[in-house]
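Below is one structure, written out as structure tokens; the observations come after it.
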Amino acid sequence: MNIAIGTTRIPKVRAAKAAFKKAQHFLGHMNPELLFLPFDVETGVSDMPLNLHELTHGAMIRAQNARTAARAKGIEPDFAIGLEGGFFSQKTEEGNVYFLQSWAYVLNRKKGAFGSSGAMPVPAVIVRDVVERKQELGNVIDRYGLEEDIRSKGGAYDVFSKGIINREQSFELAITCALAPFISSDLYDR
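Residue numbers (the working numbering): 516 to 705.
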């Protein structure tokens, strides 16, 4: 099974591998071998998505571009995955709250589906720097001395939760959720 991934970031690639290994039995492919093909692709959204539209659109574009990149190499992917992480805001009784969330879009030759991780509240000091001052999340975390090269490691999830959940786990959950319509196609295709 050929799986194109719209990123070369190690935590995201590992998340895709983990999710597909768990779901492989349910996907109905005769070839048990999984070949993962990571590609550095464009998203068409900002480097730091700040709303659900950018998160979902970025994930979908990454999946489509990963499929195109695989085809350009002469490989027809059975699945293509796009992953996007960032913030979104929600008005609550306590005011406007920002959340960190990971999104996935998985497509095959017939259909595509979205999935997301849980949403983790973002500390106000981080929101000020990222949203109001337009600074990149990784740079903000680096500046506060919390972690270096956060995007290639546990991510903001790891920092905010003190290691209880990390970036890889958040994307694995998002991919697994996006795979539900493929895993349970007998139910979703009714």
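We treat Cβ as the ideally placed atom computed from N, Cα and C, and that holds for glycine. These numbers come from a predicted model, not from an experiment.
Quick check on this structure: which residue in the options has the alpha carbon closest to the alpha carbon of residue i?
i	options	result
Ala639	Arg705, Ser699, Tyr613	Tyr613
Ile680	Glu651, Ser632, Leu652, His568	Ser632
Lys536	Glu548, Thr558, Tyr703	Glu548
Met563	Phe629, Gly601, Gly670	Gly601
Arg648	Gln605, Arg524, Gly670, Leu565	Leu565
Ser456	Pro636, Leu652, Arg658, Gly653	With the chain covering 516 to 705 only, the question about residue 456 has no answer from this structure.
Ala533	Arg682, Leu702, Ser700	Arg682
Ala578	Leu567, His568, Pro592	Pro592
Under 8 Å by Cβ, that's how I've got residue i and residue j pegged, so tell me the actual separation to the nearest angstrom.
i	j	result
Ala575	Leu550	It should be pointed out that residue 575 corresponds to Met in this sequence rather than to Ala. Not confirmed; about 23 Å, so no contact.
Ser617	Ser685	4 Å
Ala581	Gly630	Not confirmed; about 16 Å, so no contact.
Determine the contact status of residue i and residue j, defining contact as a CB-CB distance below 8 Å.
i	j	result
Ile596	Ile518	yes
Ala585	Thr691	no
Phe594	Leu570	no
Gly627	Glu599	no
Considering only residues of the same chain and omitting the five flanking positions on each side of residue i, which have a CB-CB separation below 8 Å?
i	result
Val528	Ile520, Thr522, Phe551, Pro553
Gly678	Gly669
Buried or exposed: residue i, going by 16 or more other Cβ atoms within 10 Å of its Cβ?
i	result
Ala619	buried
Thr607	exposed
Using a Cβ-Cβ cutoff of less than 6 Å, which residues in the same chain neighbour residue i once the five nearest sequence positions on both sides are dropped?
i	result
Asp704	none
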